[in-house]
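Position 318 of the sequence shown, counting from 1, maps to 328 under this note's numbering, and the rest follow consecutively.
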Amino acid sequence: MATQPNPPSPDSDGPTAAHRPSITTLAAARARRLAAAFLEGPVFVALVAVVETLVATALLGVPLSPAPAVVGLVAFAVYATDHVADAEADAASTPARAAAARRHADLFTAAAALAYGLAVAVALFGGPLALAITLLPGVCWVCYASDWLPTVGDALPGVAERVPRLKDVLLVNSLVVALAWATALTLLPLAFAAPAVEGSPTFAGLGTAVAPVAAVVFAYFLLRSFVDVEVPNVRDVRADREAGVATLPTALGVRRTRRTLYLVDGTVVALIAAAGAADLLAPVHVAALLAGVTVSLATTGLVGRVRERRLLGVAPECSYLVAAAALLLLG
C-alpha cells in the first residue's frame, strides 16, 4: 500500500504556496479587467467624441462652445443603449462588455436617457439648428439598431421581409453611422457659433468662407468614421454571420476588407493634402490629421493579423487622440 505524502507545512514552499497567485498578480489582473471594461464601454466612446469635436472646432476655426459636451453626451447615450440592445449578439465577440450590459441594463438605460436629455437641454441654448443636429444621431440609431423598422414592416402586410434593421444591410449600416457622426461633429460647432455671428440663427452668418472648410471636415469625419466602424467588424465577423448582419468582413473576407480600408484611408490622405494645398487647412492642421490617419493605417494593417481582438475595437478611436495631441504640440 502506497504511503500518502505529507502535506506541506505552513512554513514550507509546497505546491499550494507555489501556485497561489500573489496579491500583485491579482491586482494586475483586476486592473486589466477594469481597463478593458473602460475601453470597451460607452464612457471611453464619449470621451473620444469630445476630443473629435474639439478637433473639428479647431479645424473650422470657430469659438469653443458646448458642442463637445453635447456630442459626448449623445455618444454615451447612443452607445450605452446599443450595448444593452445587442448584449446577446455581442456575447461572443465582446463577452465582458456584453456581460456588463446585461448585468447593469437598467442602469445603462437610465444613464443613457439622462445623458441624452441633458444633451438636448444644452443644445436648446444653441438654437433650433443645434437641437436638430443633436437629435439626429438618436434618430439614426432608432433606424439603425432598434427593431422599429422591422416592427413597422410587420404592421404592413406583405412587406415585413423588406424592412430589415439598417444595421443588417451591407454598407448602409456603416454609412448611416458615419453620416450621423460626421454631421454632428461638423455642424454642431457651427450651429453653436451661428447665433453669435451678426445675430444670425443660420450658417449664413458665418460667411461663405467656412463652407469649403466645413466640406473638407465633413468628408474627413465621414470617411474616417466608416473605417472606424468596419475595423471592429473584423473582430465580430463570426457573431455577425450568425446574427445575419452584413458587413465588409462577412461579405468580402478579411483580406479584401483590409485592402478596402487602405483605399478609404488613402482617400483621406489625398483629401487632407489637397485641402492643405488649397489653403483650406493650415499646415499644423494638415500635420495633425495626417498623424491620426497614420495610426488608422497602422491599425488597418493589423486587421486579420492579431489575436488580441480587443485591440481592433479600441485602436481606431485612438487615431483621434493622436491627432488632438499633435494639434496641441504643434499649435
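Positions of the beta carbon are idealized from the N, C-alpha and C atoms, including for glycine.
Straight-line Cα distance separating residue j from residue i
i    : j    : result
P259 : C328 : 22 Å
L331 : V58  : 7 Å
L281 : Y230 : 8 Å
V94  : T119 : 8 Å
A334 : A109 : 32 Å
G323 : V55  : 11 Å
G314 : A224 : 34 Å
L262 : V81  : 33 Å
V132 : D250 : 36 Å
T309 : F135 : 39 Å
V279 : L339 : 21 Å
A115 : R107 : 11 Å
V316 : A203 : 43 Å
A336 : V220 : 23 Å
P105 : P222 : 43 Å
S184 : C153 : 13 Å
L181 : L141 : 28 Å
L117 : G51  : 13 Å
V226 : A301 : 17 Å
D92  : T63  : 21 Å
V65  : R269 : 27 Å
L49  : L321 : 10 Å
I143 : D289 : 28 Å
V130 : L145 : 7 Å
E208 : T67  : With a pLDDT of only 48 at E208, under the threshold of 50, the placement of this residue in the model should not be trusted, and no figure is reported.
A170 : A99  : Below a pLDDT of 50, predicted positions are generally treated as unreliable, and A170, at 48, falls in that range; no measurement from the model is reported.
L6   : L291 : With the chain represented from 11 up to 341, any question about residue 6 goes unanswered, as that position is not in the structure.
A283 : G311 : 22 Å
T35  : V53  : 27 Å
Supposed contact pair residue j and residue i - C-beta distance, whole angstroms, cut 8 Å
i    : j    : result
F236 : A188 : 4 Å
A122 : A90  : 4 Å
A194 : P147 : 6 Å
L271 : E240 : 6 Å
T267 : V244 : 6 Å
Same chain, Cβ closer than 6 Å to residue i, neighbours up to 5 away in sequence not counted
i    : result
A125 : L83, F86, A87
D238 : P326
H295 : L69
R112 : A97
L139 : A201
D23  : Note that D23 has pLDDT 48, beneath the 50 cutoff, so the model's placement of it is unreliable and the number below is only indicative. Result list for D23: empty, nothing under 6 Å.
Close-in-space but distant-in-sequence residues of the same chain around residue i (CB under 8 Å, 5 per side omitted)
i    : result
P293 : G286
V179 : A256
L233 : A188, V274, D275, T277, V278, L281
G71  : V220, V223
G254 : D178
Other residues of its chain near residue i: CB distance less than 7 Å, five sequence neighbours each side excluded
i    : result
C150 : V186, A190
V61  : Y330, L331, A334
L128 : L83
A192 : F228, F231, L232, S235
I33  : none
A9   : The first residue shown for the chain is 11 and the last is 341, placing residue 9 beyond what the model contains.
V305 : C328, S329, V332
R265 : G314
**Asked** Using 8 Å as the Cβ pair cut-off and three pairs as the minimum, do the segment 190-199 and the segment 61-81 touch?
**Response** By the Cβ criterion, the segment 190-199 is in contact with the segment 61-81, since at least three pairs of Cβ atoms, one from each stretch, lie closer than 8 Å.
**Request:** Give, in chain order, every unbroken run of the alpha helix (DSSP H) that is at least 4 residues long and sits entirely within the segment 68-155.
**Result:** You should have 77-95, 97-100, 105-113, 115-133, 138-154.
**Asked** What alpha helix (DSSP H) runs, 4 residues minimum, are completely inside the segment 181-210?
**Response** Within the segment 181-210, the complete alpha helix (DSSP H) runs of at least 4 residues are 182-203.
**Request:** Output the residue ranges of the alpha helix (DSSP H) runs that lie fully inside the segment 245-278 and measure 4 residues or longer, sorted by chain position.
**Result:** Those alpha helix (DSSP H) runs which fall completely within the segment 245-278 and span 4+ residues are 247-253, 258-262.
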